[in-house]
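Here this note's numbering is used: the first residue of the sequence shown is 615, the next is one more, and so on.
Note that CB positions come from ideal geometry on N, CA and C, so glycine has one too.
Let me begin by presenting the structure, written as structure tokens, before commenting on it.
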Amino acid sequence: MQLYQQAQALLPQAETDYRTLHQFAEVGFDLPRTVDYVHKRLTQIGYTARPCGKSGITAVIGEQQKGDCLLLRCDMDALPIAEETHLPFCAVNGHMHACGHDMHTAMLLGAAALLQSHAKELPCSVKLCFQPAEETLCGAADMLAHGVMEDPAPQFAVSMHIMTATSVPTGTVIVPPFGIAAPAAAMLRIRMQGKGCHGASPHLGIDPLPAAAHCLLGLQHILTRELPSHTDAALTVGKIAGGTAANAIADSVVMEGSLRAYEDAVLEKLKGRVAEITKQMAAAFGGEGCVTFHGECPTLYNDAQYGAQLLNSLRQALPEALLIDGAAFARNDSQKQKGSEDFACFSHRIPSVMLALAAGRAEEGFSYPLHHPKMRVDLRAMTSGICAYAAAALYHGQHTGASPKP
């Protein structure tokens, strides 16, 4: 377990990285301070950081002549949520790292340092990938469009995501079930167009608010009445905005949300019905409605044969008590994942696995889930995360082969 102990020695610096990144949380592709910090830290560690796409960063270590190239990926963006943790390093700019991407970034920086100290032992080259805009499901596609799979071209990919409010010990790494592990998704934006007027004379306008309300209720009908009850799908509207004054009829209302499904046909049906209901409900109230879809990503596919190789690598580095195989975790601790993840875009290009990391037990006070304004993480978990990233590279290639894509 020497690698785990070395990762543990890097924890103080990882905590500093985490707190710094957490304090100036930034969203989407607009990550100037985050990108600058990651670039500087990579340079300090001894890497040459390269820009990729709108705000992605890559760095490479190891001899490309040795064969495989392994991509180690993290995400860097936060959410437009006002933080309520009251931590000393709490973000105060209206944004929050409520999904742990600051922790992911700090762990990959830690792994970068650990791999640098083992550079001569690497059996493959390693491409570090710091990705923006995961929350909008746009970042992976942008980096892919700007050459992240070139110079060098990775043959395998690993990513990691933290979990809070868990029942397993902090620092436990879960190799999830192989095959399709997360649903495909599409973000949606609905616009209900009415006609603004004085609130005392609503007959002179077209009120888009009732149309939006009825549309929202109609969308829920799709899940409860138009899909089989066993279908794994979700339709969420998380934001509604409209109107500027209490005594005026709004001119328009905008609703934003997401669609998720494990089957492409189901996702397409959801998109089609959302468009129909939006248009028809708006017309029923005398207005116009339109919907646009963006940030689409496919299902996340965890490759079985590469996953078996990765599991073997992790067994050589992590304490036995801090490693769970996918089958056991699926039986004992989890329902099917409903959240989508744009690492899926990589998983449909090359054999890939997304690990899960327990970063706070509910009974120890880390009871708030991801995307909650009071969500906190147990920083001790970063030792396992750093170790897992590094082990994936240092012990790569002990078993070969990869499963075909679905």
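Which of the three DSSP states is assigned to K741 in this structure?
strand
In the DSSP assignment, what residue or residues form a beta bridge with S966?
A771
Looking at the unbroken beta strand (DSSP E) that takes in M869, where does it start and where does it end?
S866 to A875
On a CA-only basis, which of G808, D689, T648 and G724 is nearest L818? Give me that one, please.
Of G808, D689, T648 and G724, the residue nearest in Cα terms is G808.
Helix, strand or coil, according to DSSP, for V782 in the structure here?
Looking at V782 - three-state DSSP - the assignment turns out to be coil, as it is neither helix nor strand.
Do L742 and A759 have their C-beta atoms closer together than 8 Å?
no
In chain order, each alpha helix (DSSP H) run of at least 4 residues that lies wholly inside the segment 852-923
Counting only runs of 4 or more, we get 878-898.
Among V867, Q620 and A639, nearest to V706 - alpha-carbon criterion:
A639
Candidates Y982, N916 and M801: closest to A771 by CA position:
N916
Quick test of the definition: if touching needs 3 or more C-beta pairs under 8 Å, does the segment 657-670 touch the segment 701-720?
no
Cβ shell of H653 (< 7 Å), same chain only, five flanking positions each side left out:
Exclusion of the five residues before and after H653 leaves A663 and I671 as the residues of its chain whose Cβ lies within less than 7 Å of its Cβ.
In whole angstroms, give me the CA-to-CA distance for F643 and S731.
The alpha-carbon atoms of F643 and S731 are separated by roughly 31 Å.
First and last residue of the beta strand (DSSP E) that includes G974?
Looking at the DSSP string, G974 is not in any beta strand (DSSP E), and its letter there is neither H nor E.
Alpha-carbon spacing of L617 relative to L624, whole angstroms
11 Å
Proximity to Q637 [Cα-Cα], best of A747, T699 and R805:
T699
Our contact map puts M989 next to A796 with C-beta atoms below 8 Å; I'd like the distance itself, whole angstroms only.
Contact flag wrong, Cβ pair sits at about 20 Å.
Buried/exposed call for T892, threshold 16 Cβ in 10 Å
buried
L729 to L684 span [Cα, whole Å]
13 Å
Check whether C738 and A1007 have beta carbons under 8 Å apart
yes
Using the Cα positions of H775 and V967, report the straight-line distance between them to the nearest angstrom.
11 Å
Please report the Cβ distance between A862 and H812, rounded to the nearest whole angstrom; I am assuming they are in contact, meaning their Cβ atoms lie under 8 Å.
In this structure A862 is in contact with H812, their Cβ atoms being roughly 6 Å apart against a cut-off of 8 Å.
By the 10 Å Cβ neighbour count, where 16 or more other Cβ atoms means buried, how is T858 classified, buried or exposed?
exposed
Burial state of H1010, where buried means 16 or more other Cβ atoms lie within 10 Å:
buried
For D650, does the count of other Cβ atoms within 10 angstroms reach 16, so buried, or fall short, so exposed?
exposed
Three-state secondary structure (DSSP) at P816?
Judged by DSSP in its simplified three-state form, P816 adopts helix.
Would you mind reading off the limits of the alpha helix (DSSP H) that contains G999?
Per DSSP, G999 is one residue of the alpha helix (DSSP H) stretching across M996 to L1008.
Among V674, Y920, H962 and R963, nearest to F792 - alpha-carbon criterion:
With distances taken between Cα atoms, F792 lies closest to Y920.
Span of the alpha helix (DSSP H) around G832:
P822 to H835 is the span of the alpha helix (DSSP H), which, as asked, contains G832.
Within its chain, find whatever has a CB closer than 8 Å to the CB of L830; leave out the 5 residues flanking it on each side and keep chain order.
V851, I854 and M869
With DSSP as the reference, label N946 as helix, strand or coil.
Unreliable placement is indicated for N946, whose pLDDT of 45 sits below 50; no coordinate value is reported for it.
With a CB to CB cut of under 7 Å and the five nearest residues on each side skipped, what residues in its chain are close to S669?
F643, L645, V649 and P746
Leaving aside the five residues before and after E677 along the sequence, list all residues of the same chain whose C-beta is less than 7 Å from its C-beta, in chain order.
S739
Let's test the definition: count the other Cβ atoms within 10 Å of the Cβ of R945 and tell me whether it reaches 16, buried, or not, exposed.
Unreliable placement is indicated for R945, whose pLDDT of 47 sits below 50; no coordinate value is reported for it.
Is the distance from the Cβ of R874 to the Cβ of K952 below 8 Å?
yes
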